[in-house]
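Residue numbering for the first sequence is 1 to 374, as defined by the UniProt record's numbering.
Note that the Cβ used here is the ideal one computed from N, Cα and C, for glycine as well.
Just so it is clear, the structure is predicted and the values come from calculations on it, not from any experiment.
Only one structure is covered here, and it is reproduced in the block below.
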Amino acid sequence: MSNTPAAALPDSAESCRFAKQVLGWFAQHGRTHLPWQNPRNPYRVWVSEIMLQQTQVTTVIDYFNRFMESFPELKSLAEADSDLVMHHWSGLGYYARARNLHRCAQLVMAGHQGKLPKDLESLQSLPGIGRSTAGAIRSLAFGHYAPILDGNVKRVLARHYAVEGWPGEAAVLKRLWQLSEHLTPQYQCADYNQAMMDLGALVCVRTKPLCGACPLAQSCVARARGEIDRYPGKKAKSSKPVRSAQLLVVLDDTDNVLLQKRPPSGIWGGLWSLPECPTEQLGEPWCQANLGLQVKQLCQLSSRRHTFSHFHLDITPVVLRLEKTLKAVMDESSLVWYNLSLPEDLGLAAPVSTILQQIDPKIPIVVNNEGEAR
DNA sequence: AAGCCGGGGAC
DNA sequence: GTCCCAGGCTT
């Protein structure tokens with residue numbers, strides 16, 4: 001049990017230089033004419049922050065302006081009909097944001113005298129406001145110190161300090177918060193936070209960042225290493241290959257299903273499973289050729305994915321009815337008829353148990369034209 | 001920790 | 001098509 005190595009934080013002189021560079025750049029190139037910046041008040045900052053969650057600035061602007069025309073103050077939003085609020089959100093996506101926004105307005109009217117709270121804890125307890133949005137409201141709307149960590153800040157910090165790993169991973173997120181907390185200045189916090197977001201949105205963009213225009217280029221570790229593309233780290237691809245197979249549920253007329261014993265080693269080694277037919281082949285001829293059974297396909301069940309340590313197996317169960325046994329090919333030692341009404345104690349592969357639970361031989365299976373079960 | 005929500009833009 | 005975006009909530 002070992003903790004992740006304690007990552008060093010920049011010393012105070014370095015942090016100070018960092019903030020100074022960012023603020024200097026902001027004075028020249030920062031965005032100061034966004035709709036929620038003039039006039040700027042807590043209500044407008046809050047609404048903009050919610051709209052900007054997972055949504056780009058250019059998309060938000062028109063929605064924000066229409067929203068403010070209809071709901072110019074927190075009170076008018078709180079008293080609005082929820083259908084009207086949702087109407088103003090239509091097309092923006094993530095509609096829980098709008099429901100939370102409306103509910104939040106009513107909570108603030110009821111519990112905070114109609115004023116958004118300033119402290120992080122109260123802000124975060126409100127619906128739709130998480131740690132980063134709380135920090136943004138506290139800093140941008142009230143001018144107090146609070147770190148933020150949105151997608152822009154994540155990207156800037158991950159590159160500048162070459163933070164390894166995908167930010168969706170808890171340890172990586174923790175490290176990025178730690179850096180943001182440490183680097184955010186006590187004073188001019190609003191400008192600093194806005195500057196970091198502007199940097200991420202305008203300069204330190206996802207692809208082809210404009211390092212020539214970046215105030216932090218001299219100290220950027222990723223750039224020094226020539227590895228900007230590695231940061232922020234991407235979500236680990238499951239990289240597991242996907243295989244597929246049909247598992248055949250061969251029913252006779254007395255509630256029996258044909259099971260086949262797996263080879264002693266390998267996947268499901270030694271367990272009983274269903275006969276496995278390659279997805280490229282049809283179940284009927286496969287049964288005839290490999291099991292010596294003449295069968296008639298009834299239906300397919302919906303496919304499901306079973307994941308092993310090293311690959312995914314997409315399984316399509318196919319249900320068939322036994323019509324005739326042709327004794328020639330059957331290898332009786334590895335086959336057994338398994339009675340669904342009086343099941344024996346056999347070792348079944350887990351997905352096979354699941355499939356068999358979904359088989360009820362007493363209820364005739366309706367088959368549509370596609371051969372899919374209804 | 002992982003899945004979900006959602007429409008749009010960049011590539 | 002894929003990935004990502006001024007994230008937060010639920011399981």
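Note to self: Applying the 10 Å Cβ sphere with the 16-neighbour rule, what's the burial state of C16?
What the structure shows: exposed
Next item on the list: Just grab the DSSP bridge partners of K296 for me.
Entry: R321
Next item on the list: For I315, write down the residues that DSSP places opposite it in a beta bridge.
Entry: A245 and R304
Next item on the list: Run the proximity test for E14: is its beta-carbon closer than 8 angstroms to any non-hydrogen atom belonging to the ligand ADP?
Entry: This structure lacks the ligand ADP, and indeed carries no ligand of any kind.
Notebook entry, point to check: Helix, strand or coil: which one does DSSP assign to S90?
Noted result: coil
Next item on the list: Select from E69, K75, R103 and E344 the residue whose C-alpha is nearest the C-alpha of H88.
Entry: E69
Checklist line | Simplified DSSP assignment, three categories, for K20 | finding: helix
Checklist line | Beta-carbon contacts of S334 that lie in its chain and below 8 angstroms, excluding the five residues immediately before and after | finding: Q260 and K261
Check: Is DSSP giving C277 helix, strand or coil here?
Finding: strand
Next item on the list: Return yes when the Cβ of G283 is within less than 9 angstroms of the Cβ of L248, no when it is not.
Entry: yes
Item checked: Nearest candidate by alpha-carbon position, reference C299, set L23, D360 and I61 -> D360
Check: Near L313, what residues of its chain come up, given a Cβ to Cβ distance below 6 angstroms and the 5 sequence neighbours on each side ignored?
Finding: R243 and H306
Check: How far does the alpha helix (DSSP H) with N290 in it reach, from first residue to last?
Finding: G283 to L291
Notebook entry, point to check: Looking at the structure shown, is K174 part of a helix, part of a strand, or coil, going by DSSP?
Noted result: helix
Notebook entry, point to check: Among the residues of its own chain, which have a CB less than 8 angstroms from the CB of L320, if the five just before and after it don't count?
Noted result: L248, V249, V250, L251, G283, E284, C287, V295, K296, Q297 and L298
Next item on the list: Could you check the C-alpha separation between T279 and Q246 for me, to the nearest Å?
Entry: 6 angstroms
Notebook entry, point to check: Can you give the beta carbon distance from R230 to A7, rounded, assuming they're within the 8 angstroms contact cut?
Noted result: Contact flag wrong, Cβ pair sits at about 17 angstroms.
Next item on the list: Could you name the residues of the same chain whose beta carbon sits closer than 7 angstroms to that of F67, not counting the 5 residues immediately before and after it, in chain order?
Entry: V47 and H88
Checklist line | Top-ranked residue by Cα proximity to T196, from K208, T207 and E181 | finding: Note that residue 196 is Met in the sequence shown, not Thr. Considering only alpha carbons, the answer is E181.
Item checked: Residues that DSSP places opposite W272 in a beta bridge -> K261 and L348
Next item on the list: Would you mind listing the alpha helix (DSSP H) stretches within the UniProt domain "HhH-GPD" (51 to 202) that are 4+ residues and don't spill past its ends, in chain order?
Entry: 57 to 70, 74 to 79, 82 to 89, 96 to 111, 120 to 125, 131 to 136, 151 to 160, 170 to 183 and 189 to 198
Check: Distance, Cα to Cα, A110 vs Y43?
Finding: 16 angstroms
Notebook entry, point to check: Under 9 angstroms, do W166 and P264 count as touching if we go by C-beta distance?
Noted result: no
Checklist line | Which residues DSSP lists as bridging Y338, in chain order | finding: V257
Check: By DSSP, does L326 sit in helix, in strand, or in coil?
Finding: coil
Check: Leaving out the 5 sequence neighbours to the left and right, which residues in its chain are closer than 7 angstroms to E372 when beta-carbon positions are compared?
Finding: Confidence is the limiting factor: at E372 the pLDDT is only 45, short of 50, which leaves the residue's position unreliable and the question unanswerable from this model.
Check: Which of the three DSSP states, helix, strand or coil, is assigned to V250?
Finding: strand
Item checked: Three-state class that DSSP yields for Y43 in the structure shown -> helix
Notebook entry, point to check: If we count the other Cβ atoms within 10 Å of its Cβ and call it buried at 16 or more, is L274 buried or exposed?
Noted result: buried
Next item on the list: Look at the Cβ atom of L216, then the Cβ atom of W177, and state whether they are nearer than 9 angstroms.
Entry: no
Next item on the list: Could you check which residue in L258, T133 and S303 has the C-alpha nearest to that of L322?
Entry: L258
Check: In terms of residue numbering, what span does the alpha helix (DSSP H) encompassing V221 cover?
Finding: V221 to A224
Note to self: Any contact between the region 113 to 120 and the region 149 to 165? By contact I mean 3 or more CB pairs, one from each, below 8 angstroms.
What the structure shows: no
Next item on the list: Figure out for me which residue from L199, G168, Y161 and A224 has the closest Cα to the Cα of A213.
Entry: L199
Next item on the list: Please look up how many angstroms separate the CB atoms of A236 and A162, rounded, as I've assumed it's under 8 angstroms.
Entry: Contact doesn't hold; Cβ gap of about 18 angstroms is too wide.
Notebook entry, point to check: So, using beta-carbon positions, are G30 and Q194 closer together than 9 angstroms?
Noted result: yes
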